[in-house]
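K.L.:
Protein chains in written order, with UniProt numbering: chain P, 1 to 732; chain R, 1 to 732.
The beta-carbon is built from N, C-alpha and C at its ideal position, and this holds for glycine as well.
Protein chains: 2
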Amino acid sequence: MCAPVGGLLAALAMVLGMAVAFAPKPRITWEHREVHLEKFHEPGIFNYSVLLLSEDKTTLYVGAREAVFALSAHNVSEKQHEAYWKVSEDKKAKCAEKGKSRQTECLNYIRVLQPLGPGALYVCGTNAFQPACDHLDLTSFRFLGRREDGKGRCPFDPAQSYTSVMVDGELYSGTSYNFLGSEPIISRNSSHSPLRTEYAIPWLNEPSFVFADVMRERPDGLDSGDDRVYFFFTEVSVEYEFVFKLMIPRVARVCKGDQGGLRTLQKKWTSFLKARLICSRPDSNLVFNVLQDVFVLRAEGLKEPVIYGVFTPQLNNVGLSAVCAYHLSAAEEVFSRGKYMQSTTVEQSHTKWVRYNGAVPTPRPGACITREARAANLSSSLSLPDKTLQFVKDHPLMDSSVTPIDNRPRLIRSDVNYTQVVVDRTWALDGTPYDVMFVGTDQGTLHKAVSLENEAHIIEETRLFQDLEPVQTLLLNSQKGRKFVYAGSSSGVVQAPVAFCEKHATCEDCVLARDPYCAWSPASQACVALHLPDSPSRDLIQRMSGDTAGCPTSSVPSPPPGSSSLSCRGPGAAASPRSPRPASGSGSDSGPPVALLPPFLSDQAQHVRALGTFHLFCQATGPADIHFIWEKNGRELETCVPTQTHALLDGRTHALSWLQDAVGASAEYRCSIVSSAGNRTSRVRVTVMRLEATHQEQWTRELAAWRAVAGEHDRVMRSWRKAWESCDKDNL
Amino acid sequence: MCAPVGGLLAALAMVLGMAVAFAPKPRITWEHREVHLEKFHEPGIFNYSVLLLSEDKTTLYVGAREAVFALSAHNVSEKQHEAYWKVSEDKKAKCAEKGKSRQTECLNYIRVLQPLGPGALYVCGTNAFQPACDHLDLTSFRFLGRREDGKGRCPFDPAQSYTSVMVDGELYSGTSYNFLGSEPIISRNSSHSPLRTEYAIPWLNEPSFVFADVMRERPDGLDSGDDRVYFFFTEVSVEYEFVFKLMIPRVARVCKGDQGGLRTLQKKWTSFLKARLICSRPDSNLVFNVLQDVFVLRAEGLKEPVIYGVFTPQLNNVGLSAVCAYHLSAAEEVFSRGKYMQSTTVEQSHTKWVRYNGAVPTPRPGACITREARAANLSSSLSLPDKTLQFVKDHPLMDSSVTPIDNRPRLIRSDVNYTQVVVDRTWALDGTPYDVMFVGTDQGTLHKAVSLENEAHIIEETRLFQDLEPVQTLLLNSQKGRKFVYAGSSSGVVQAPVAFCEKHATCEDCVLARDPYCAWSPASQACVALHLPDSPSRDLIQRMSGDTAGCPTSSVPSPPPGSSSLSCRGPGAAASPRSPRPASGSGSDSGPPVALLPPFLSDQAQHVRALGTFHLFCQATGPADIHFIWEKNGRELETCVPTQTHALLDGRTHALSWLQDAVGASAEYRCSIVSSAGNRTSRVRVTVMRLEATHQEQWTRELAAWRAVAGEHDRVMRSWRKAWESCDKDNL
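(1) Taking a contact to mean a Cβ-Cβ separation below 8 angstroms, would you say P:A325 touches P:V251 in this structure?
(2) Let's test the definition: count the other Cβ atoms within 10 Å of the Cβ of P:T432 and tell me whether it reaches 16, buried, or not, exposed.
(3) R:L246: buried (16+ other C-beta within 10 angstroms of its C-beta) or exposed?
(4) Please tell me whether R:V287 and P:V238 are closer than 8 angstroms, where the distance is taken between their beta carbons.
(5) Leaving out five residues before and five after R:W30 in sequence, what residues of the same chain have Cβ atoms less than 8 angstroms from its Cβ?
(6) Look up R:I201 in the DSSP assignment and say whether it is helix, strand or coil.
(7) Do you know offhand how far residue 733 of chain R's Cα is from P:A67's?
(8) Determine the extent of the beta strand (DSSP E) in which R:K274 is found, giving its start and end residues.
(9) Using a C-beta cutoff of 8 angstroms, does R:D442 count as contacting chain P?
(10) Can you find a CB in chain C that lies within less than 8 angstroms of the CB of P:F242?
(11) Can you tell me where the alpha helix (DSSP H) holding R:D509 begins and where it ends?
(12) Flag P:K480 as yes when its Cβ comes closer than 7 angstroms to any non-hydrogen atom of the ligand ATP, and as no otherwise.
(13) Taking only beta-carbon atoms, is P:V685 less than 8 angstroms away from chain R?
(14) Helix, strand or coil: which one does DSSP assign to R:A519?
(15) If you count every other CB in all the chains shown that lies within 10 Å of the CB of R:R147, and 16 or more means buried, which is it?
(16) Can you name the residues of chain R whose CB is closer than 9 angstroms to the CB of P:A647?
(17) Helix or strand or just coil, what does DSSP make of P:T653?
(18) Would you say R:V287 reaches chain P, if we count a Cβ-Cβ gap shorter than 8 angstroms as a contact?
(19) For the beta strand (DSSP E) that P:K483 lies in, which residues bound it at each end?
(20) Considering only the alpha carbon of each residue, which of R:S140, R:A120 and R:P194 lies closest to R:R153?
(21) When you check each C-beta in the region 349-362 of chain R against every C-beta of chain P, which residues fall closer than 7 angstroms?
(22) Near R:G444, which residues of its chain fall below 8 angstroms by C-beta distance, leaving aside the five closest residues on each side in sequence?
(23) Within the 8 angstroms Cβ cut-off, does R:Q542 reach chain P?
(24) Roughly how many whole angstroms lie between the Cα atoms of P:R371 and P:G225?
(25) What is the rounded straight-line gap between the Cα of R:N205 and the Cα of R:N47?
(26) Are the region 92-102 of chain R and the region 69-76 of chain R touching by the rule of at least three beta carbon pairs closer than 8 angstroms?
(27) Can you pull the chain R neighbours of P:E347, defined as C-beta to C-beta under 7 angstroms?
(28) Step through the CB atoms of chain R and report whether any lies within less than 8 angstroms of the CB of P:S719.
(29) If you reduce the DSSP assignment to three classes, tell me which class R:F46 lands in.
(30) Can you tell me where the alpha helix (DSSP H) holding R:C527 begins and where it ends?
(31) Report buried or exposed for P:D509, applying the criterion of at least 16 other Cβ atoms within 10 angstroms of its Cβ.
(32) I'd like to know whether the C-beta of P:A10 is nearer than 8 angstroms to at least one C-beta of chain R.
(33) Just by C-beta distance, which residues in the region 654-666 of chain P are closer than 9 angstroms to chain R?
(34) Roughly how many angstroms separate the alpha carbons of R:I405 and P:S682, rounded to a whole number?
(35) Would a check of beta-carbon distances place R:V494 closer than 8 angstroms to chain P?
(36) Output, in sequence order along the chain, the residues in the region 432-464 of chain P whose CB is closer than 7 angstroms to any CB in chain R.
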């Protein structure tokens, strides 16, 4: 009979009032084969790095290396169309001549995949270090051969960062502008008004582009009075001085109505401003200064878009990640009312960036052309005075920073590197909205997390890709009743539902998952999904607090009889003294002598990760009344420990007991076999080890382990053999 | 029969050419009870934080909270003397009135324990926030009652940092000078020439003192011409600008002959200079900027002292440490020939520290009074010109940094926080010197490491203290033939020998340990210590490369016969096809049917730490010819897997096989039971998890684990019961 653990849970919950810096490990991990995932992979095609949903959300377009695919958005394993765009042998040869790899670099990596009206896609690829763009007709799924130079829209080098967004038919992109990748650029590729950034360190300093999106003008006109395009990237800091190059995550924005300056900043952005994104925990010395991905959440009930970013630290990163969320208005506020930074020269050769406290020209440098400005006859950026333009040219960096909601990360995890994020807003059974974060890792897994009572809870971890490859891109399909997360990696595309409710077999599991998508249906005795169209809605049980008290009680049947038996030993299962009762004598005539058999508990010393499940086995032979007592740190175990007995040919009984446990701190276990013929005890210490190191040391450690295993095997085998021989002598 | 692993080791060694950033895990971990350690703890006394060896190295003096002990240095469990210095109730009350804790802070923590001539010790304690010093007579082991004000020699607050060194009867100390701990000071407490630091940010900026030692003038006179006292600490950087306060490890030095200035720097150091200590791996973005402890290695064969420092990172530290080693001359070079830094004011309110490129006054600011200076009639610092003094007052910080030997850390570990270090030079059998690092952790363990072929190797880890408490202090006794490491913690003092050679039971283990202290003696069939006086010296086997080819070959006896048997199954052990042979039919009449018994392999899914040992069990009943085939990732295992069989009363045979393994990456295991009555297979995936988080989340995770265990127990029990019932039905 299993002892109730409710009391223990309550006691443990008492101590949870303390500040918790790191999110707990995922409650459940789904291995690749445990859950149903739809997969797509075209033989010979790699690098599935760009995903795009059709407007009606029924088709998923995938940009890979030298190919574009159209897949069913409901089942990505169903390929609808394919189009190939390969590099000619001639081009490949030229590219290889420049010192690039023919096999990996001199190919065409699709980097831009954007909608272009209803019937076409705009596609750009690296094209063997000669970036090019083309139109893909969606009816024929053929490239129209309208080749355009992709310079400034798509990087030359597939290893370089890129981002782009199509806004009202014009492509905004962040990439590098030259073969070497040394000239970064944020540009608008427009026939009537192409614009770009200045090529200057204060504007862009070795940026890694991450994401771009348009923020539409609010219909109430309370904001800047124009649509803005936001760019997110990490660049080398100018304002800090560190032991070496310090990276800083940034948000930059330009106005859609920008047409550049007339003389100063001609064909350049007059509205380019950038600011720091803060994601840190100064009290714990945690600094997340490398932005990996951004998702903009827009949902029913949200007053304004919320920007989610996943970050990793640049410094001392042995596996550490965070998710920070920002109100769009926090960034808008910095751009529209914040102070600027300026650089000053120190001692001829040094530069220091400090807050600019002087007078700011009017109209405010970097501002969009607002309604008031237009009313005051300032119709476009072309009419901006030189003073304003010169100021914004020299002061693109804001002094204020964009701080996250609640001034701290939503989620911090200490054993992963997060790469991608999408967020879905869903409503629990009681109508409370939950913003569910789906975060991809560099190990091919997906974490699903929610914020509960100001604390992050990782509902589950799902292995999307069998190999330990990074999740390169995530896309959310939040269509009602058909919510999916699509993930792209080097090897393929995977489609996962937003929840695996049906995997929770009991009401307790279903409730403890604390998954806002799932609730227990007592009627169908199943954990059901709330977001599906055919979901039942009556008499469901869901407690986001994880309180299982509302679950119907279940009972366990009593063990079957027989000459062999399986039982679950708990403290209340039999007359069980707190410690083994004294033997009636070692040479007792009450039956065969009692003997522990190898592997003894003492042979099973192991180092486990904190809270990792492990098993301990204990077996013995002796008279028919042998039974086990398990102790942990000197106290008899309160949980059930299965025990199995077999009657042997020679009149002895063979008994085997196995314990499954997980501990947060090192613990000593004792297995005692108690019988009328005497008692025997074996003990072992299970040691909890702390964090593991990175891949780099894998091999060295593998070697060390093999050596250790080889040595240990030999040692353990000898001791077992010795024990066995003496045990055989005694009994046979 | 165990398959040889030598070939595999060789193959793995092939791939080790790559750069390895992190040291591998310790090859062996000795648990607290596995090795013989001498211990000392006086009931009711805590905080054993200061250790000092008597000059003849036979007595270990221990400074604890309110007590000083004299222990036998050969066996610390033998207490020779004790002296108590308790705070009066009156003082305690006054201290508590000032808002300090009566139970913890208002006590007398011994912080200074220094030799004072042959028969006395100089002892200082915090004395309930009224630091005081006294003389301890070593003959009577009584305090002489010569109370002196301890201000400037010992901190007020037991939580604050401190360091001191007695040089020729004068105490040099680094501590804080006031009740609040806000005024840091490095001073010499001397009757004829007391000196101290300026109270100014450029001199000391919130330092944490770590260590101090004297560097004697070289007899050849090739150095600065005076004894110097070195101080090691971490302080807040002035030269860097970071997101928040950035710590920087420093080395500072003063000259013993310094007597202060005449007008400028009166009673202040005229020779105080400080420089950055570099310990980082910029290529991996690893910055170790918090110095935890320093040890100065002086040994036969070493041209100059080598300074060993243990560091942890301030930023994003989820368990990361490094050891860096510096030549004393590297620091001397910076102080005697390096450029200085100067501060400049930027835009009225900001300060920036840059290299000073202007003219430097003569004599060189901060230099000791050299022989040449004395010859030129500059007899002491009192005669230094104002210009030199004013310069050193304003420019105590050097622009150059002290870089470590080989320009990189000796050792980096990613799952520990190192706290203390001592280093012993020893000579291997072939005469090669090895500098063995003994590093204490914040978890009560000791790592013993050497640098081998430019790579760190952690020979062993020893649990010194049963509880997970930090090692607060380490002291090495390097007396020939009696080498010990003493460790102090909050709970007591532990004495460990420098090696546990005798624990290596085979020649292979002894050689693979790669421990320069140990070698295998074929004559005595034991692993013997080389550093002990009675060590044999002939025909020993030691290979620091770990090559066991020189070891004599050993053999394993064949399994004993009987109705029960234990065997070790390797691929060559029997007629074993690469995959289970096809069953002769499921309802075969060749014997009882074959059945796997719970716990099935599939129930034993577990997450293990990389290279942590784990066990898998597989058991079955069936006809007498049942045997197991184990596969790992689809390939039959090449190592021996022990199997045990029992003849059951009902004619069946019960077989149990258990596998011990350790993997670097997740792996799938398959256990197949093969018999004339059919085959059965069970499989499981063992997943390798990466680093674990810190204590803070322990409780949350403990809770999550309990929940998970409770749920899993229930699930697993049900499935076992079901299997058992059907199995019983079939067979009985």
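P.N.:
Per the coordinate set shown:
(1) no
(2) exposed
(3) buried
(4) no
(5) E460, E461, T462, R463, F500 and K503
(6) coil
(7) A question about residue 733 of chain R goes unanswered here, because the residues of chain R that appear run from 1 up to 732.
(8) L273 to L277
(9) no
(10) Absent here is chain C; the protein component of the structure consists of chains P and R.
(11) C507 to L512
(12) Ligands displayed in this structure: none; no statement on the ligand ATP is therefore possible.
(13) In the sequence on display, residue 685 of chain P carries Arg and not Val. Yes, P:R685 counts as interfacial toward chain R.
(14) strand
(15) exposed
(16) L648, L649 and D650
(17) strand
(18) yes
(19) R482 to G488
(20) R:P194
(21) H350, K352 and V354
(22) R463, L464, F465, Q466, D467, L468, E469, P470, V471 and S489
(23) no
(24) 6 angstroms
(25) 28 angstroms
(26) no
(27) T344 and V354
(28) Interpretation of P:S719 is limited by its pLDDT of 46, a score under 50 that renders its predicted location unreliable; the figure taken from the coordinates is listed afterwards. For P:S719, the answer is no, since every Cβ of chain R falls outside 8 angstroms of its Cβ.
(29) coil
(30) Counting along the chain, R:C527 falls outside any alpha helix (DSSP H), though it belongs to the beta strand (DSSP E) covering A526 to A529.
(31) buried
(32) With a pLDDT of only 30 at P:A10, under 50, the local geometry of the prediction cannot be trusted, and the value read off the model is given with reservation. Output row for P:A10: interface = no.
(33) H654, L656, W658, Q660, D661, A662, V663, G664, A665 and S666
(34) 49 angstroms
(35) no
(36) none
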